[in-house]
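Here is the structure we will look at.
In structure tokens form, the structure reads like this:
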């Protein structure tokens, strides 16, 4: 409860903060605001490529069969500056993704919120005052 | 009750810490460093002002190019407003460190917050445009109003039949000169390297390298044109002045990332880089395009050096999946619209 309150406060602050929308490309061109998705999957690959990195996961359906999904992430350079390294997301790790599916209904999504299954948030970066600081270690 | 107090105590302590940090940062930002007036920039071994290092425009991330009309001619925030913005930055930084996700954290189809690099101190300006006094890009001439803006780059209503409907930025070709230095949500690094007769600026996003002769040679023939133009530099005291002409017309605009109405082949830019302290350059650029704007205008903001900050390679075309994804998105949208009409 205590945590919920604190995080609700943080969330309130976030909502107040203006978010600039200039990414590499128009999100509305790629993803569909009417197709929110929640996925649980196992990491199979992380592509550290420009202009944006992509996280590949296998998502198990109700029939137990795994289907591959791709989740778009920030530019590799930005991920690094936010404290994300090649050890942050390892093959076999289970993650939860909340985001929006591709307009063409392919198994692609933007990952607005990405967490590990025990609730830890990915992309926990170094503070903006310490751009070269080493990333925080997962507990 | 005691329990509740204990539970909010860390929040109060953190808030007080931020307030104190904000106060000290504002005090530093508002007053010039001791001896700043007498500060003498270092010189290169061959005697030119030394601008070398990796600089970033991160502090003005999120500052709009055009000032909101309700702010009128107010260019600078007050000290109190800056203090508020500083504590907002601090809260943002604290939020970046949260290990658990807020239950109702913002979700949307825009770039997630973890995509965004952060400024370290609040931008003092209300807009990047500093002249005209209303802080807004001058009106377009009639001939420029018909110039096409790539529709695939439109965040509100993206449409695309071909890769040619995307901006040169999205195509990983170029953001133009101003688009490569104006602050955006990430990739703002500018590495300056000098040699006798040359200043080179390596720009992280879309990996431009501007090689600027400062040896007094004239511009190339007007028949020779390029996306990034033909720059010529000279020193005025401690200021590097760069005049760039010979642009190809109808490529990039003066908006962030080179967006907006594309400029013409008559574009002339005059940039000024003045080192105002060991870790700050004041940058300004006068934009004069007599075939596009009704008058010249000026954009200015600081570039800073930050501990540990460096440029990384940005091989943009390597994995630009968004291009094919956006095209297939446009086809899916057409299909859905056609189905609706039936």
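Protein chains in written order, with our numbering: chain G, 93 to 231; chain V, 587 to 928.
C-beta: ideal position from N, C-alpha, C; glycine also.
The Cβ of residue 911 of chain V sits closer than 8 Å to at least one Cβ of chain G. In the DSSP assignment, residue 781 of chain V forms a beta bridge with V:784.
One finds 915, 918, 919 in chain V with Cβ atoms closer than 7 Å to the Cβ of residue 195 of chain G, taken in chain order.
Here residue 641 of chain V is buried, its C-beta having at least 16 other C-beta atoms within 10 Å. Collapsing the DSSP output to three states places residue 650 of chain V in coil. At least 8 Å separates the CB of residue 133 of chain G from every CB of chain V. Between residue 835 of chain V and residue 847 of chain V, the C-beta spacing is not below 8 Å. Residue 646 of chain V and residue 785 of chain V have their C-alpha atoms roughly 24 Å apart. Where residue 659 of chain V is concerned, there is no enclosing beta strand (DSSP E), because DSSP gives it neither an H nor an E.
Scanning G:212, G:164, G:187, G:165 for the CA closest to the CA of residue 683 of chain V turns up G:212.
Taking a cut-off of 8 Å for Cβ pairs, the region 787-807 of chain V and the region 721-728 of chain V do not touch, as fewer than three such pairs fall below it. Closer than 8 Å to the CB of residue 867 of chain V there is not a single CB belonging to chain G. Distances from the alpha-carbon of residue 817 of chain V to those of V:845, V:655, V:854 put V:854 closest.
Assignment of alpha helix (DSSP H) within the region 696-752 of chain V, counting only whole runs of 4 or more residues, yields 728-731 in chain order.
When C-beta atoms of the region 129-139 of chain G are compared with those of the region 772-786 of chain V, fewer than three pairs fall below 8 Å, so the two segments do not count as touching.
Residue 900 of chain V carries a coil assignment under DSSP once its states are collapsed to helix, strand and coil.
The residue among G:122, G:208, G:204, G:209 with its C-alpha nearest the C-alpha of residue 702 of chain V is G:204. Residue contact with chain G for residue 654 of chain V: absent (no Cβ-Cβ distance below 8 Å to any residue of chain G). In this structure, DSSP gives residue 668 of chain V a helical state, which the three-state scheme calls helix. Residue 799 of chain V and residue 884 of chain V have their alpha carbons spaced roughly 23 Å apart. Boundaries cannot be given for residue 905 of chain V, as no beta strand (DSSP E) includes it and DSSP labels it neither H nor E. Between residue 164 of chain G and residue 146 of chain G the beta-carbon gap is near 6 Å, inside 8 Å, which marks them as a contact. Note that the region 894-902 of chain V touches the region 769-778 of chain V; at least 3 beta-carbon pairs, one per stretch, sit closer than 8 Å. At least 8 Å separates the CB of residue 774 of chain V from every CB of chain G. For residue 170 of chain G, the residues of chain V that pass the 9 Å Cβ criterion are 700, 701, 702, 703, 771, 772, 773, in the order they occur in the chain. Sequence-distant Cβ neighbours of residue 881 of chain V in its own chain, meaning closer than 8 Å and more than five residues away, are 718, 724.
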